[in-house]
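Worksheet for the structure shown next.
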Amino acid sequence: MTHWKFAALWLGMVACVQAHATPPTRTPIATIPIDPAKEVDRVEATRVDFLPGQIMPMHKHTVPVICFVTAGSFLVKIGDGRERPARVGDVTYEPANTVVNYFQNASATAPGQLMCALLANKRDTVLNVMLDHPRAH
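Take 15 as the starting number for the sequence shown in this note's numbering and just add one per residue.
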């Protein structure tokens, strides 16, 4: 009987080690061409926290920006594109020098959050340019 207990314990340990040896699943969520191409020697990461219903004012960036929605949902209008929703797990792309008309937290009761990566190089000193004040859309 002792041998069976040892065998069961050993099999359990092997299964545990194998579970940890398997790498996490990688799921591609976006491939974003940077056009025009840009030399990047640093990435500035920013967390943007929105209050319920809050709107990011009209602005643009001098560098390409990629944002990941990490909490909440948003209504987004970038450049001449149509308004679109952006939900948790979605990715948005703000091309350099393109007006971001608005990024609005779609919820009147819950906060929202973005994690953004600004793709810059040593010549880029001013990355954000505010163009307007918050407004209801």
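No residue lacks a Cβ here, since even glycine has one placed at the ideal position from N, Cα and C. Remember, predicted model here, so these are calculated numbers, not experimental data.
Between the alpha carbons of residue i and residue j, how many angstroms are there, rounded?
i           : j           : result
residue 74  : residue 35  : 44 Å
residue 87  : residue 139 : 31 Å
residue 143 : residue 94  : 18 Å
residue 120 : residue 105 : 16 Å
residue 84  : residue 99  : 14 Å
residue 38  : residue 70  : 35 Å
residue 77  : residue 45  : 17 Å
residue 49  : residue 113 : 15 Å
residue 111 : residue 40  : 32 Å
residue 108 : residue 102 : 17 Å
residue 11  : residue 47  : A query on residue 11 cannot be resolved here, the shown segment of the chain reaching from 15 to 151 and no further.
residue 58  : residue 43  : 20 Å
Exposed or buried, residue i, counting other C-beta atoms within 10 Å across all chains shown (16 or more means buried)?
i           : result
residue 66  : exposed
residue 115 : buried
residue 128 : buried
residue 51  : exposed
residue 79  : buried
Quick check on this structure: which residue in the options has the alpha carbon closest to the alpha carbon of residue i?
i           : options        : result
residue 123 : 54, 64, 48, 99 : 64
residue 89  : 79, 126, 110   : 126
Closer than 6 Å by C-beta to residue i: which residues in its own chain qualify, once you throw out the five before and the five after it? Chain order, please.
i          : result
residue 91 : 97, 115, 116
residue 60 : 130
residue 56 : 134
residue 81 : 106, 128, 130
Going along the chain, which residues of its own chain have a beta-carbon closer than 7 Å to the beta-carbon of residue i, five neighbours each way excluded?
i          : result
residue 54 : 133, 134, 135
residue 68 : 119
Would the beta-carbon of residue i be found less than 6 Å away from any heavy atom of the ligand GDP?
i          : result
residue 68 : Of ligands this structure carries none, so the ligand GDP is not represented either.
Tell me, to the nearest whole angstrom, how far the beta carbon of residue i is from that of residue j; I am working on the premise that it is less than 8 Å.
i          : j           : result
residue 72 : residue 141 : Actually they do not touch by this definition, with Cβ atoms about 16 Å apart.
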